[in-house]
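Okay, structure first, notes after.
2 protein chains.
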Amino acid sequence: MDAADLRIFEAVARLGGMNRAAGELRTVQSNVTQRIRQLEEELEAPLFQRHARGVALTPAGRRLLPYAARVAQLIAEARRAVADDGAPKGPLAIGSLETTAALRLAPVLASFAAAYPEVDLALATGTSAELVDLVLGHRLEGAFVCGPVRHPELEEETVFREELVLVTQRSPLGVDALLAARDLKIVVLRAGCFYRQRLEEILARRGVVGLRRLEFGTIDGLIGCAAAGIGVTLLPRGVVARAWREGRVNVHALPAEEALVDTLFIRRRDGFVSSALAAFLAHARSGHAEAEAPE
Amino acid sequence: MDAADLRIFEAVARLGGMNRAAGELRTVQSNVTQRIRQLEEELEAPLFQRHARGVALTPAGRRLLPYAARVAQLIAEARRAVADDGAPKGPLAIGSLETTAALRLAPVLASFAAAYPEVDLALATGTSAELVDLVLGHRLEGAFVCGPVRHPELEEETVFREELVLVTQRSPLGVDALLAARDLKIVVLRAGCFYRQRLEEILARRGVVGLRRLEFGTIDGLIGCAAAGIGVTLLPRGVVARAWREGRVNVHALPAEEALVDTLFIRRRDGFVSSALAAFLAHARSGHAEAEAPE
DNA sequence: AACTTCTATCGCAATTCTCGATAGGTGAGC
DNA sequence: GCTCACCTATCGAGAATTGCGATAGAAGTT
Numbered sequence: 006m007d008a009a010d011l012r013i014f015e016a017v018a019r020l021g022g023m024n025r026a027a028g029e030l031r032t033v034q035s036n037v038t039q040r041i042r043q044l045e046e047e048l049e050a051p052l053f054q055r056h057a058r059g060v061a062l063t064p065a066g067r068r069l070l071p072y073a074a075r076v077a078q079l080i081a082e083a084r085r086a087v088a089d090d091g092a093p094k095g096p097l098a099i100g101s102l103e104t105t106a107a108l109r110l111a112p113v114l115a116s117f118a119a120a121y122p123e124v125d126l127a128l129a130t131g132t133s134a135e136l137v138d139l140v141l142g143h144r145l146e147g148a149f150v151c152g153p154v155r156h157p158e159l160e161e162e163t164v165f166r167e168e169l170v171l172v173t174q175r176s177p178l179g180v181d182a183l184l185a186a187r188d189l190k191i192v193v194l195r196a197g198c199f200y201r202q203r204l205e206e207i208l209a210r211r212g213v214v215g216l217r218r219l220e221f222g223t224i225d226g227l228i229g230c231a232a233a234g235i236g237v238t239l240l241p242r243g244v245v246a247r248a249w250r251e252g253r254v255n256v257h258a259l260p261a262e263e264a265l266v267d268t269l270f271i272r273r274r275d276g277f278v279s280s281a282l283a284a285f286l287a288h289a290r291s292g293h294a295e296a297e298a299p300e
Numbered sequence: 006m007d008a009a010d011l012r013i014f015e016a017v018a019r020l021g022g023m024n025r026a027a028g029e030l031r032t033v034q035s036n037v038t039q040r041i042r043q044l045e046e047e048l049e050a051p052l053f054q055r056h057a058r059g060v061a062l063t064p065a066g067r068r069l070l071p072y073a074a075r076v077a078q079l080i081a082e083a084r085r086a087v088a089d090d091g092a093p094k095g096p097l098a099i100g101s102l103e104t105t106a107a108l109r110l111a112p113v114l115a116s117f118a119a120a121y122p123e124v125d126l127a128l129a130t131g132t133s134a135e136l137v138d139l140v141l142g143h144r145l146e147g148a149f150v151c152g153p154v155r156h157p158e159l160e161e162e163t164v165f166r167e168e169l170v171l172v173t174q175r176s177p178l179g180v181d182a183l184l185a186a187r188d189l190k191i192v193v194l195r196a197g198c199f200y201r202q203r204l205e206e207i208l209a210r211r212g213v214v215g216l217r218r219l220e221f222g223t224i225d226g227l228i229g230c231a232a233a234g235i236g237v238t239l240l241p242r243g244v245v246a247r248a249w250r251e252g253r254v255n256v257h258a259l260p261a262e263e264a265l266v267d268t269l270f271i272r273r274r275d276g277f278v279s280s281a282l283a284a285f286l287a288h289a290r291s292g293h294a295e296a297e298a299p300e
């Protein structure tokens, strides 16, 4: 049982037929048949049940299938480990919440790309749950998500701790009075954004429910909306610092348990940490992340 | 890069020479040389530094080595998974603390062996730390240890919860008076036993320190020593129930935080659970473990 | 009944693997 | 300084494996 055998086995199992597998593997059907038969002889167990429309996994085959994928992944990882001589280079696939990417990662990415031109950085965005799945599935080397995740196979590390503040129009009124206004909307960066959920929780706890939502694609748009009294939004303090200094909006601090949100970087515990990823993490930790933070 | 290549690579790295590796692999040196050279060409990286007395790993080789072991383990596990058709059979290597084996496991093992004669059960004993290492190193499918362990790669499950009691000679005196006796010894099953450590902590907390230790190989010996007033020991309540009913010893309950000790079964989180292991765990959980417990 | 789609098998070619022998290099010991 | 022991590199021939194309057979579809 070799890695090559397992690759063929995996293709046959996934495509449900030796002909289809042969096509994908750039070989001929007789070859696939022979290799599968040899594998079955070696393991002394039938792996596929043959029928007229293709093949189906037997129980033994079902037991083998996950190992085929794991062996392939492990060998791919070994290749990367050998190729990684310590100088950050090559592909680096990481993920991030859209909000984090927009608010925090932009300067990190820019300076990282400048510092390590040899690295081909790919940034995927999605919800925390999607990103966790991608990391677990070896599709991403790591991701920035809102935590805690507490998955046994994932290592997590807090990289940003945001203090979220309510942002409203400039007004002598208190926050409660502002929230009581008719037609108030909550303004969020994007549907599904983590801050939206948090904002709704915060308002619900104050008895404000059923507000309309308004989506904006840019941070400045959010702040503009809040300044105009159209709605209320929730943003990291650092992001609204400028608008606040300029007197365009009011910011309202929240109690710590509502205000603080940790952005974690997650990666597989057993996974290989490429030099590119190590360099990226060092870069993210070493202060570039504070570029937008308040003075 | 195939599993076979990695096996050859691993042997060369471990033995420090292609000749030695060829011997172990039952092939000839030229073959090993060629395969290693091909592997180096494929990976485009030198794996070994050749010198007159053999070869030494290069940095790239050092990076590859752990993957060779992991691939080999994974493939071995895949073989076992395929061979395991649901009927418990074949080898089953588990570990246990000596104390647990003696006090709790004997009836489980006996009835398991009778129920599943197809399983070749091997029981290794050692300290908790040793057993944890053996499980992590794929040498044992699981082990009974005293917890908590909290290792990220290990799944742990509480299988026994013992109530430990102090066992002393039968006497109208209170436990404090008995502990104050001169020449009192602590009697333990074996050096390094977990209960010994707990017993010393318990006594230390009551100001009793520096006692002599006496080791006995059997539970009955411990109880006999305690009954004769030679020493004091610490045992699960169930084990001394008979001697207590017969009026041979006094048992003294302890506060919960001192009395309760969990025996956990640990196994690798990512590891394959063989049918034999599943059957064993079901067996252990389903009441056979209570054979020696009090009525 | 003809057709399509799939797997099993066979013979042959190409590739790869294995083996044994030989060459070359290096350090230890005399 | 020489030989000896030990090691790796390389070569060529034979063996084994793998890959390919063609064909046969089975089963569902039209």
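Those protein sequences? They're chains E and W, same order as listed. For what it's worth, my numbering labels the leading residue of the first sequence as 6, then goes sequentially. For what it's worth, my numbering labels the leading residue of the second sequence as 6, then goes sequentially. Ideal placement from N, C-alpha and C gives every residue a C-beta, glycine not left out.
message = Within the continuous beta strand (DSSP E) that includes Ala98 of chain W, where are the two ends?
response = Gly95 to Ser101
task = Tell me, please, whether the CB atom of Met2 of chain W is closer than 7 angstroms to any CB atom in chain E?
result = The structure shown has nothing for residue 2 of chain W, since chain W only spans 6 to 300.
ask   = When the Cα atoms are used, what is the spatial distance from Arg25 of chain W to Ala81 of chain E?
value = 29 angstroms
ask   = Excluding five sequence neighbours on each side, which residues of the same chain lie with their C-beta closer than 7 angstroms to the C-beta of Gln78 of chain W?
value = His143
query = According to a CB-to-CB cut-off of less than 9 angstroms, which residues of the region 77 to 108 of chain E neighbour chain W?
reply = Leu79, Ile80, Glu82, Ala83, Arg84, Ala86, Val87, Ala88, Asp89, Asp90 and Gly91
query = At least one CB of chain W closer than 7 angstroms to the CB of Tyr72 of chain E: is that the case?
reply = yes
Run of the alpha helix (DSSP H) containing Gly215 of chain W, from where it starts to where it stops = Segment: none, Gly215 of chain W is in no alpha helix (DSSP H) and carries neither H nor E.
task = Enumerate, from N- to C-terminal direction, the unbroken beta strand (DSSP E) stretches of 3 or more residues contained entirely within the region 254 to 292 of chain W.
result = 254 to 257 and 265 to 273
ask   = From Ala246 of chain E to Val170 of chain E, what distance separates their C-alpha atoms?
value = 10 angstroms
task = Starting from the C-beta of Glu297 of chain E, find all residues in its chain whose C-beta is less than 6 angstroms away, skip the five residues before and the five after it, and write them out in chain order.
result = Residue placement at Glu297 of chain E is flagged as unreliable, the pLDDT there being 43, under the threshold of 50; the coordinate-derived value follows with that caveat. Excluding positions up to five away in sequence, the list reads Gly243.
query = Since Arg253 of chain E and Glu160 of chain E are thought to touch, with beta carbons under 8 angstroms apart, how far apart are those beta carbons, to the nearest angstrom?
reply = Contact flag wrong, Cβ pair sits at about 41 angstroms.
task = Determine which residues of the region 52 to 71 of chain E have a Cβ less than 9 angstroms from any Cβ of chain W, and write them out in chain order.
result = Leu52, Pro64, Ala65, Gly66, Arg68, Leu69 and Pro71
request  = Could you tell me the distance, in whole angstroms, from the CA atom of Ala1 of chain E to the CA atom of Phe270 of chain E?
outcome  = This structure cannot speak to residue 1 of chain E, because chain E is shown only from 6 to 300.
ask   = Whose C-alpha, out of W:Val172, W:Arg203, W:Pro177 and W:Tyr200, is nearest the C-alpha of Leu189 of chain W?
value = W:Val172
message = Tell me the rounded alpha-carbon separation between Thr105 of chain E and Val214 of chain E.
response = 26 angstroms
query = For the candidate residues W:Glu168, W:Ile99 and W:Val150, whose alpha-carbon lies nearest to that of Asp3 of chain W?
reply = One cannot answer for residue 3 of chain W here, as it falls past the ends of chain W, which runs 6 to 300.
inquiry  = Taking its Cβ as the centre, do 16 or more other Cβ atoms sit within 10 Å of Thr238 of chain W, making it buried, or is it exposed?
reply    = buried
query = What residues of chain E sit near Pro157 of chain W, judged by a beta carbon separation below 7 angstroms?
reply = Pro157 and Arg274
request  = Anything in the region 38 to 53 of chain W with a Cβ closer than 7 angstroms to a Cβ of chain E? List those residues in chain order, please.
outcome  = Leu48 and Ala50
query = Is DSSP giving Pro177 of chain W helix, strand or coil here?
reply = coil
inquiry  = Taking CB distances under 7 angstroms as the criterion, tell me whether Asp125 of chain W reaches chain E.
reply    = no
Of the residues W:Thr268, W:Ala8, W:Arg211 and W:Leu136, the one placed nearest Arg75 of chain W, counting alpha carbons only = W:Ala8
message = For a contact defined as C-beta to C-beta under 8 angstroms, what are the partners of Leu7 of chain E on chain W?
response = Note that residue 7 of chain E corresponds to Asp in the displayed sequence, not to Leu. In chain order: Asp7, Ala8 and Ala9.
query = Just to confirm, does Ala18 of chain E get its C-beta within under 6 angstroms of one of the non-hydrogen atoms of the ligand HEM?
reply = No copy of the ligand HEM appears in this structure; indeed no ligand is present at all.
query = Counting pairs of beta carbons, one from the region 255 to 269 of chain E and one from the region 28 to 41 of chain W, are three or more of them closer than 8 angstroms?
reply = no
Bridge partners - Val124 of chain W, DSSP secondary structure assignment = W:Gly95
Limits of the unbroken alpha helix (DSSP H) element including Ala230 of chain E = The residue asked about is misnamed: residue 230 of chain E is Cys in this sequence, not Ala. From DSSP, the alpha helix (DSSP H) with Cys230 of chain E extends over Ile224 to Ala232.
Residues that Arg290 of chain E contacts on chain W, provided the C-beta gap is smaller than 8 angstroms = In chain order: nothing, as chain W lies at least about 22 angstroms away.
request  = Put Ala148 of chain W into one of helix, strand or coil per three-state DSSP.
outcome  = strand
request  = Check whether the region 86 to 95 of chain E touches the region 119 to 136 of chain E, taking contact to mean three or more Cβ pairs, one atom from each stretch, closer than 8 angstroms.
outcome  = yes
query = Among all the DSSP beta bridges, which residues are the ones paired with Ala61 of chain W?
reply = W:Gln54
request  = In the DSSP assignment, find the beta strand (DSSP E) that holds Gly21 of chain E and state where it starts and stops.
outcome  = Element bounds for Gly21 of chain E: n/a, residue is neither H nor E.
request  = Taking all protein chains shown into account, decide if Asp181 of chain W is buried (16 or more other Cβ within 10 angstroms of its Cβ) or exposed.
outcome  = exposed
ask   = Would you say Arg75 of chain E reaches chain W, if we count a Cβ-Cβ gap shorter than 7 angstroms as a contact?
value = yes
inquiry  = I need the DSSP call for Glu167 of chain E, collapsed to helix, strand or coil.
reply    = strand
ask   = Does the beta-carbon distance from Gly367 of chain W to Gly22 of chain W come in below 7 angstroms?
value = Residue 367 of chain W is absent from the structure shown; chain W starts at 6 and stops at 300.
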